[in-house]
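**Q** One structure, pasted below without further comment.
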Amino acid sequence: MRVMITGGGTGGHIYPGIAIAKHIKEKVEDVKIVFVGTKDGLERQLVPGEGFDFEMIRVKGFKRKISLENIAVLKELILGLGDAKRFIKRFKPHVVIGTGGYVSGPVIFIASLYGIPTLIHEQNVLPGISNRILARFADRIAVSFKESFRFFPKGNKTVLTGNPVRKEFFEASKEDSRERLGLKTDVPTVLGVGGSRGALRINQAMVELIDDIIKNRKNIQVIHSTGQNQYDRVINEFGGRGIRLKDHPNVKVKPYIKDMAQAIACADLVVSRAGATALAEITAAGKPAVLIPSPYVTGNHQEYNARALEKEGAAVVFLESQLDSGFSFTKAVYDLLMDKNKLSEMEKNSREIAPKDAVDRIYKEVCSLVSKAHDSNTL
């Protein structure tokens, strides 16, 4: 089987594609997989690093406002369609999978024109523009949240699969993870994350929380990832408050957490943005969450994601505007940690959200598409 996967720009579009590729490689003995992305997207580094072939396409995203730049983007799109046509004719894929981002547009569109089976995967509750457009051309649409069904065609074309994550998120042990991270196994633990670049407002809230824990000698452990770009700023903030973190082994502040499965496993409560990948990882581990959705994303899609978890009783949601209006984030965290019954119920609800077989569901849809295409070609 020959599989072409396209999608990128951010990790939220790339990691599901990599997870799908790895699963197909495990299941199919004789398989060739190639990714198609852009030279500027994160996929250029991540995909080859995972050992997969990578082709670069010339395409850029349109500006949402009327702009002369869109003329150049249109020219690039025409070139990208040509690139996609050339890659597809050369590789001859049996199926093309799109995981979102503008790069997937030309590839899925050209594949559909050639009659090649196509599947697109949507990670967020609120679909991106690319997937909304491609939905009319794709043979199958895989969604991560049941709330997404209303945005896509009804019937068998749209299926609920969940968002694929690595199996480590389902399997990591709380006690073992705490020991590996040098934490006590019997102390309430909070994990704070704001993405690889960091989130200023989450960092500010976590600084306030850690400050209170240290000064009031609370029996609480904290791991917080500031993001590479904001680490020095956060450390300086603690210094300005007279706090030397090395004197407090119950608090670990890092610029980046490499093993996120281990970090999430050790937590009783996770404070996070509400990107699709982050939520898939949190729910795979069955963790209660305090979600602070980014207000700076397209279509405010993170709040839609966060509200979906809130509706299921797996998370509480605080908007940045609430944090800026005198709301006590620290008290809210303490209240949750003190309410063991609520935490236990949230944990149960969180675990029930994430399908453990998300990547296998997608794999089976892919196999079904390939099988149907093969049968029709042999008639």
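Per the numbering used here, residue 54 is the first one in the sequence shown, and the count goes up by one each step.
We treat Cβ as the ideally placed atom computed from N, Cα and C, and that holds for glycine.
1. Counting contacts by CB-CB distance shorter than 9 Å, is Asn256 in contact with chain D?
2. Check whether the region 90-97 touches the region 189-198, counting contact only when three or more Cβ pairs, one atom from each stretch, lie closer than 8 Å.
3. Distance, Cα to Cα, Val386 vs Ser325?
4. Considering only the alpha carbon of each residue, which of Pro408, Ser378, Ala367 lies closest to Asn394?
5. Output the boundary residues of the alpha helix (DSSP H) element that contains Ala74.
6. Spell out a yes or no on whether the region 311-325 and the region 229-247 are touching, meaning 3 or more CB-CB pairs, one atom from each, closer than 8 Å.
7. Does the region 362-376 touch the region 397-404, meaning 3 or more C-beta pairs lie closer than 8 Å?
8. What residue does the beta strand (DSSP E) around Lys307 start on, and which one ends it?
9. Taking its Cβ as the centre, do 16 or more other Cβ atoms sit within 10 Å of Tyr68, making it buried, or is it exposed?
10. Which term fits Pro348, buried or exposed, when burial requires 16 or more other beta carbons within 10 angstroms of its beta carbon?
11. Are the CB atoms of Met433 and Asp83 nearer to each other than 9 Å?
12. Expressed to the nearest angstrom, what Euclidean distance is found between the alpha-carbon atoms of Leu298 and Lys305?
13. Within the same chain, show all residues whose beta-carbon is closer than 8 Å to that of Leu132, passing over the 5 residues directly before and after it, in chain order.
14. Excluding the 5 residues preceding and the 5 following Glu200 in the sequence, name in chain order all residues of the same chain whose CB lies nearer than 7 Å to its CB.
15. What would DSSP say about Asp136, mapped onto helix, strand or coil?
16. Alpha carbon to alpha carbon, how far is Lys80 from Val341? Give it in angstroms, no decimals.
17. Are there 16 or more other CB atoms within 10 angstroms of the CB of Pro217, so buried, or fewer, so exposed?
18. How many Å lie between Gln274 and Gln257 at the Cα?
19. With a threshold of 16 other CB atoms inside 10 Å of the CB of Met391, please say whether the residue is buried or exposed.
20. In its own chain, which residues sit with a C-beta less than 6 Å from the C-beta of Gly70, not counting the 5 before and 5 after it?
21. Taking the alpha carbon of Lys417 as the point to measure from, which residue in Ile77, Gly62, His66 has its own alpha carbon closest?
22. Using a Cβ-Cβ cutoff of less than 8 Å, which residues in the same chain neighbour Gly64 once the five nearest sequence positions on both sides are dropped?
23. Considering only the beta carbon of each residue, do Ile317 and Ile73 sit closer than 9 Å?
24. What first and last residue would you give for the beta strand (DSSP E) that runs through Met54?
**A** Result, derived from the coordinates:
1. In the displayed structure, chain D is absent; only one protein chain is listed.
2. no
3. Counting from one through the sequence shown, the residue named residue 386 turns up at place 333. Counting from one through the sequence shown, the residue named residue 325 turns up at place 272. C-alpha separation (whole angstroms): 13 Å.
4. Counted from its first residue, the sequence shown places residue 394 at position 341. Nearest of Pro408, Ser378, Ala367 to Asn394, Cα basis: Ala367.
5. Position 21 of the sequence shown, counting from 1, holds the residue named residue 74. Here the alpha helix (DSSP H) through Ala74 covers 64-80.
6. yes
7. yes
8. The residue you call residue 307 lines up with position 254 of the sequence shown. Counting along the chain, the beta strand (DSSP E) containing Lys307 begins and ends at 304-307.
9. If you number the sequence shown from 1, residue 68 lands on position 15. Classification of Tyr68: buried, given that the 10 Å Cβ count is 16 or more.
10. For the purposes of this step, residue 348 is taken as residue 295 along the sequence shown, with counting starting at 1. Classification of Pro348: exposed, given that the 10 Å Cβ count is below 16.
11. Since the first and last residues shown for the chain are 54 and 432, residue 433 lies out of range.
12. Locating residue 298 in the sequence shown gives position 245, counting from the first residue. Locating residue 305 in the sequence shown gives position 252, counting from the first residue. Roughly 8 Å separates the two Cα atoms.
13. Here residue 132 corresponds to residue number 79 of the sequence shown, with the count starting at 1. Excluding positions up to five away in sequence, the list reads Arg111, Val112.
14. Working through the sequence shown from its first residue, we reach residue 200 at position 147. The answer, listed in chain order, is Val178, Ala361.
15. Numbered from 1 along the sequence shown, position 83 holds the residue referred to as residue 136. If DSSP states are grouped into helix, strand and coil, Asp136 belongs with the helices.
16. Counted from its first residue, the sequence shown places residue 341 at position 288. Counted from its first residue, the sequence shown places residue 80 at position 27. Here residue 341 turns out to be Pro, not Val, going by the sequence shown. Their Cα atoms are separated by approximately 33 Å.
17. Start at 1 with the first residue of the sequence shown, and residue 217 comes out as number 164. Answer is buried; the Cβ neighbour count reaches 16.
18. Within the sequence shown, numbered from 1, the residue matching residue 274 stands at position 221. Within the sequence shown, numbered from 1, the residue matching residue 257 stands at position 204. Going by the C-alpha atoms only, they are around 18 Å apart.
19. Numbered from 1 along the sequence shown, position 338 holds the residue referred to as residue 391. Met391 is exposed by the Cβ-count criterion.
20. Stepping through the sequence shown from its first residue, residue 70 is reached at position 17. Correct list, in chain order: Ile58, Gly60, Thr152.
21. Indexing the sequence shown from 1 puts residue 417 at position 364. Checked all of Ile77, Gly62, His66; the closest Cα to Lys417 is Ile77.
22. Along the sequence shown, one-based indexing puts residue 64 at 11. If we look at Gly64 and ignore the five residues flanking it on each side, its Cβ neighbours are Leu95, Leu99, Ser249, Thr330.
23. Locating residue 317 in the sequence shown gives position 264, where the first residue counts as 1. Locating residue 73 in the sequence shown gives position 20, where the first residue counts as 1. No, these two residues do not count as a Cβ contact at 9 Å.
24. For the purposes of this step, residue 54 is identified with residue 1 of the sequence shown, where counting begins at 1. Neither: Met54 is in no beta strand (DSSP E) and is coded neither H nor E.
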